[in-house]
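Take any residue in the sequence shown, note its place counting from 1, add 2, and you have its number in my numbering. To start, the structure itself, in structure tokens.
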Amino acid sequence: MYIDSHCHWSDPRWNKTPEEIQNNLSAAEAQNIHFFLQGGVDPVDWSKQKKLKKMFPQNFGLSFGLHPYFVAAHDDSECEITLDLLAKELPQAMALGETGLDFRPHIMKDSMVRQIDAFENQIELAKAFKKPMVLHIVQAHDKALQILDIWGVPPEKGLVHAFSGGFETAKEYMDRGFLISVGGAVTFSKNRKLQDCIEKIPMDYLLLESDSPDQAPEGWIGPNNSTSIRVIAEKIAQLRRMSVLEVLEISTSNFKRLFRMP
Ligand SMILES: [Zn+2]
């Protein structure tokens, strides 16, 4: 049984009907991919995640958080109210996230201070509720690492989702106990920096994610679903001169170790 460490089955762009959900699930299960940890975005997304889990309790892992996109698009008081709601909802989730920082100018606009506040608040919530964190960090690694050091990494650690940096950056997170979750970006021939990183990182820090419906692998046709894990595993197997099954098995056992799954 393999695992998609990060995906968005409740994203409004797909899985619009129970049939579509069932088809995506059957396609993944046909590839022996049976468990899907979600990336939380906002309260609407959290409640859709809960519905998915009700339908397929064995297959879905809940992760609730305020995504940097949500924080960037809402004002201080809306974020504060939503953080209170997060504190109420979080006990039923297995992870806190997505949380973090996204400093790309078109996302950030005037939200830098608010993003930092929301991230710090969520580090505290992760500690209080003993949940591993799912980090979304784009063009903000130095700041994120600084904040994690000041506030302290939760003992439950977490994962850095859609990692696409170099080895030195990955090492900063691994030194703090985070696992590195890799998606479609590694398959792009132009992405040498990430491929070089994947050649070097200890295999017991590696996770695989589809981030579906986003971040499809190079040359992928149709909507990106959790079956793209296989293509990502193939690329990593080639970079590490291992078998695809080894990559799938190691990443699955890493995930289970992080989340203390049997
Ligand atoms: Zn995501």
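Where is the CB? At the ideal position from N, CA and C, for every residue including glycine. Treat the numbers as computed from the prediction; the structure is a model and nothing was measured.
Would a C-beta distance cut-off of 9 Å place residue i and residue j closer than the cut-off?
i	j	result
LEU98	ALA128	yes
ILE182	PHE165	yes
TRP16	SER230	no
HIS163	HIS138	yes
ARG232	GLN33	yes
MET3	HIS36	yes
THR189	ILE5	no
GLU158	MET176	no
PHE180	VAL140	no
ALA89	SER228	no
PRO93	PHE131	yes
SER65	MET110	no
LEU54	ILE23	yes
ILE234	LEU196	no
SER7	LEU39	yes
GLU100	TRP48	no
ALA172	GLN217	no
Quick one: what's got a C-beta closer than 7 Å to residue i's C-beta in the same chain, skipping five residues either side?
i	result
CYS81	LEU68, VAL73, ARG116 and ALA120
GLU122	ILE149 and TRP153
SER212	ASP6, CYS9, GLY185, ASN226, ASN227, SER228, SER230 and ILE231
SER241	Note that residue 241 is Leu in the sequence shown here, rather than Ser. Taken in chain order, the residues that qualify are GLN197, ILE200 and GLU201.
Apart from the five residues just before and just after residue i, which ones in its own chain have a Cβ nearer than 8 Å to its Cβ?
i	result
ASP198	GLY168 and PHE169
GLU248	ALA239
SER191	GLU220
ALA146	GLY102, LEU103, PHE121, LEU137 and ILE139
SER245	ALA239
Since residue i is in the alpha helix (DSSP H), which residue starts that stretch and which ends it?
i	result
HIS143	143 to 153
ASP119	114 to 131
SER166	Unbroken run through SER166: none, as it is neither H nor E.
ASP47	45 to 57
Let's see if you can read the secondary structure: which residues bound the beta strand (DSSP E) around residue i?
i	result
MET135	135 to 140
GLN24	No beta strand (DSSP E) contains GLN24, which is instead part of the alpha helix (DSSP H) from 20 to 32.
ASP6	4 to 9
GLY160	160 to 162
SER12	Unbroken run through SER12: none, as it is neither H nor E.
GLN60	Where GLN60 is concerned, there is no enclosing beta strand (DSSP E), given that its DSSP letter is neither H nor E.
Using a Cβ-Cβ cut-off of 6 Å (strictly less than) and excluding sequence neighbours within five positions of residue i, which residues of its own chain qualify?
i	result
ALA142	LEU103 and PHE105
Query raised in the report: Between the segment 70 to 83 and the segment 102 to 121, are three or more C-beta pairs nearer than 8 Å?
Result: Flag = yes, the segment 70 to 83 and the segment 102 to 121 touch.
Query raised in the report: Would you say the segment 219 to 226 touches the segment 38 to 48, given that touching needs at least three Cβ pairs under 8 Å?
Result: Cβ pair count under 8 Å is below three, so no.
Requested in this report: Would you mind listing the beta strand (DSSP E) stretches within the segment 186 to 230 that are 3+ residues and don't spill past its ends, in chain order?
Outcome: Listed in chain order, they are 208 to 210.
Query raised in the report: In chain order, which continuous runs of the alpha helix (DSSP H) of length 4 or greater are located wholly inside the segment 64 to 111?
Result: Assignment of alpha helix (DSSP H) within the segment 64 to 111, counting only whole runs of 4 or more residues, yields 70 to 75, 78 to 91 and 107 to 110 in chain order.
Query raised in the report: Would you call the segment 204 to 213 and the segment 11 to 26 touching, i.e. three or more CB-CB distances under 8 Å?
Result: Fewer than three Cβ pairs drawn from the segment 204 to 213 and the segment 11 to 26 lie within less than 8 Å of each other, which leaves the two stretches out of contact.
Query raised in the report: For the segment 230 to 257, which segments carrying the alpha helix (DSSP H) assignment without a break, of at least 4 residues, lie completely within its bounds, in sequence order?
Result: With a minimum length of 4 residues, the continuous alpha helix (DSSP H) runs that stay inside the segment 230 to 257 are 230 to 242.
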